[in-house]
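>
Protein chains: 4
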Amino acid sequence: MSDQLEQLRQRLARFASERDWDQFHSPKNLSMALIAEAAELVEHFQWLSEQESKNLPTDKQQEVAMELADILIFLIRIADKLQVDLTETAWEKIKINESRYPVDKVRGSAKRASEY
Amino acid sequence: MSDQLEQLRQRLARFASERDWDQFHSPKNLSMALIAEAAELVEHFQWLSEQESKNLPTDKQQEVAMELADILIFLIRIADKLQVDLTETAWEKIKINESRYPVDKVRGSAKRASEY
Amino acid sequence: MSDQLEQLRQRLARFASERDWDQFHSPKNLSMALIAEAAELVEHFQWLSEQESKNLPTDKQQEVAMELADILIFLIRIADKLQVDLTETAWEKIKINESRYPVDKVRGSAKRASEY
Amino acid sequence: MSDQLEQLRQRLARFASERDWDQFHSPKNLSMALIAEAAELVEHFQWLSEQESKNLPTDKQQEVAMELADILIFLIRIADKLQVDLTETAWEKIKINESRYPVDKVRGSAKRASEY
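Here it is in structure tokens:
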């Protein structure tokens with residue numbers, strides 16, 4: 001796996017065990033924590049236009065960066081508990097996406113694969 | 117930033133531009149796509165017990181791995197559009213979490229920081 | 233439509249227009265606000281066991297009730313903007329669920345319709 | 349409580365017990381099912397502009413209506429299990445919102461209460 005992600009994985013595993021938090025870290029619970037963080041990200045953008053979301057003021061940019069960090073943290077934790085290699089699986093999924101969304105078929109269109 | 121994540125970032129940027137999809141990839145929209153994937157993960161666990169979530173049958177394990185990949189993919193995309201270094205920001209957040217949740221104060225308890 | 237829901241619909245429409253908030257209340261934005269509230273509900277339960285979630289302390293019960301109210305509020309708003317009759321459509325969906333999940337086929341099992 | 353919502357509550361309670369599904373319907377699990385439905389709604393809008401979300405083609409409109417029904421269904425179920433009167437609590441929350449967002453202070457602005 002990726003060096004940086006592996007270091008984060010270890011640090012987060014230690015963070016949880018130091019606090020005796022593994023008891024709470026079932027994949028079920030971690031999926032809930034992850035979506036809660038994803039929602040904090042959504043909240044930052046819900047009343048902004050798409051254009052505004054591309055031009056965030058500095059303080060907002062910093063808050064949003066922290067939400068992305070939270071999501072990555074829980075993603076690494078749940079992948080750890082499920083023994084999933086995140087980057088390897090991402091490359092697999094990109095291959096699948098390539099065949100689901102061939103350039104000549106989907107260029108410029110945002111429909112779902114099943115809607116073509 | 118992390119080598120593997122940087123390679124994924126570039127591949128995903130190319131994937132989107134080949135398909136002329138950058139027009140849809142505002143941070144606002146990407147935050148929506150990300151939470152939609154986080155929810156597909158939650159769906160796999162909603163009727164399972166915590167124990168069952170730790171012992172997934174092989175086919176379910178593979179589906180869940182793909183959902184984690186989807187989440188990582190959109191996380192990398194939105195970080196790219198917002199010019200956020202994911203791993204660097206994660207390390208910053210871990211430092212913040214260390215002071216919010218000191219071991220001696222929170223050991224064995226899952227309350228939120230504000231509830232201590 | 234339901235009397236109570238209709239009264240809430242009107243009150244919420246007035247609430248928004250008094251504050252000149254209709255400009256922010258596109259269905260797209262409202263769907264984001266709704267999921268953000270759904271996530272606040274999830275957050276209350278993420279570290280609790282299923283059993284604990286059935287026996288909430290009084291203060292937690294009150295907070296959770298408020299989250300349910302928030303979800304209903306945004307649900308009524310988005311249904312209003314999309315001109316959807318919530319209760320009528322719910323009855324339609326129950327009929328569909330009856331044929332997707334016949335009692336004799338699904339009794340005691342929590343698989344998705346497509347997994348039978 | 350509201351007549352229509354009460355009838356739906358009873359119908360949904362019967363739907364679940366006929367299928368011996370109460371065992372799965374802890375508030376924790378129902379909060380997960382609810383957010384999964386909220387995400388299916390978000391998915392319909394993620395690549396659409398706000399303007400497009402106000403002008404849905406007929407088939408899309410029908411799909412979105414069904415998602416709203418799903419959300420209401422799980423909202424009624426979880427309120428039932430938690431013994432929360434949905435409409436009564438909504439009216440309470442509107443009162444709270446009135447004092448958090450006084451017209452003269454917030455008119456035309458979409459900041460969060462804490463950001464004023």
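Protein chains in written order, with the working numbering: chain A, 1 to 116; chain B, 117 to 232; chain C, 233 to 348; chain D, 349 to 464. Backbone N, C-alpha and C define an ideal beta-carbon position, used for all residues, glycine too. Values in this document were obtained by computation on a predicted structure and should not be read as measured data.
May I ask you to verify whether the region 2 to 15 of chain A touches the region 243 to 259 of chain C, counting CB pairs closer than 8 Å and requiring at least 3?
no
> Check for me: the alpha helix (DSSP H) holding tryptophan 137 of chain B runs from which residue to which?
Careful: tryptophan 137 of chain B lies outside any alpha helix (DSSP H) and carries neither H nor E.
> By the criterion of Cβ-Cβ separation under 8 Å, what are the contact partners of threonine 87 of chain A in chain B?
Gln120, Leu121, Leu124, Leu188
> What is the DSSP secondary structure of asparagine 55 of chain A, counted as helix, strand or coil?
Coil.
> Rounded to whole angstroms, what's the CA-CA distance from alanine 361 of chain D to arginine 425 of chain D? Just pull it up for me.
Rounded to the nearest whole angstrom, the CA to CA distance from alanine 361 of chain D to arginine 425 of chain D is 7 Å.
> Could you have a look at lysine 197 of chain B and say whether DSSP puts it in helix, strand or coil?
Correct three-state label for lysine 197 of chain B: helix.
> With distance defined between alpha-carbon atoms, name the residue in B/Phe161, B/Leu157, B/Lys221, B/Arg127 nearest to isoleucine 187 of chain B.
Distances from the alpha-carbon of isoleucine 187 of chain B to those of B/Phe161, B/Leu157, B/Lys221, B/Arg127 put B/Leu157 closest.
> Can you give the Cα-Cα distance for glutamine 294 of chain C and alanine 427 of chain D, rounded to whole angstroms?
Our two residues, glutamine 294 of chain C and alanine 427 of chain D, have alpha carbons roughly 12 Å apart in a direct line.
> Would DSSP call proline 102 of chain A helix, strand or coil?
coil
> Using only CA atoms, which one of B/Leu146, B/Gln167, B/Ala155, B/Lys197 lies nearest to lysine 81 of chain A?
With distances taken between Cα atoms, lysine 81 of chain A lies closest to B/Gln167.
> For a cutoff of 8 Å on Cβ pairs, would you count glutamate 63 of chain A as touching chain B?
It does not: the Cβ of glutamate 63 of chain A has no partner Cβ on chain B nearer than 8 Å.
> Using a Cβ cut-off of 7 Å, pull out every chain A residue sitting near alanine 154 of chain B, in sequence order please.
Leu34, Ile35, Ala38
> What's the C-alpha gap between serine 379 of chain D and glutamate 37 of chain A?
15 Å
> Under 8 Å, Cβ to Cβ, is there at least one residue of chain B near glutamine 487 of chain D?
Any question about residue 487 of chain D goes unanswered here, given that chain D covers just 349 to 464.
> Where do the N-terminal and C-terminal ends of the alpha helix (DSSP H) with leucine 273 of chain C fall, by residue?
Element bounds for leucine 273 of chain C: 259 to 277.
> Using 8 Å as the threshold, is the C-beta distance between threonine 321 of chain C and leucine 416 of chain D below it?
yes
> With 16 other CB atoms within 10 Å as the buried threshold, where does valine 412 of chain D fall?
buried
> Near arginine 107 of chain A, what residues of its chain come up, given a Cβ to Cβ distance below 7 Å and the 5 sequence neighbours on each side ignored?
Sequence-distant Cβ neighbours of arginine 107 of chain A in its own chain, meaning closer than 7 Å and more than five residues away, do not exist here.
> According to DSSP, is leucine 304 of chain C helix, strand or coil?
helix
> Hey, out of D/Leu356, D/Gln358, D/Ala364, whose CA is closest to tyrosine 333 of chain C's CA?
The residue among D/Leu356, D/Gln358, D/Ala364 with its C-alpha nearest the C-alpha of tyrosine 333 of chain C is D/Ala364.
> In or out: valine 114 of chain B buried (at least 16 other Cβ within 10 Å) or exposed?
Past the edges of chain B, shown from 117 to 232, lies residue 114 of chain B, and the structure says nothing about it.
> So, with DSSP's three-state summary, where would you put alanine 206 of chain B?
helix
> Are the beta-carbon atoms of serine 53 of chain A and proline 143 of chain B separated by less than 8 Å?
In contact: serine 53 of chain A and proline 143 of chain B (Cβ atoms closer than 8 Å).
> For a contact meaning CB atoms closer than 7 Å, what does tryptophan 279 of chain C contact in chain B?
Ala226
> Measure the C-alpha to C-alpha separation of proline 173 of chain B and leucine 164 of chain B and round it to an integer number of angstroms.
12 Å
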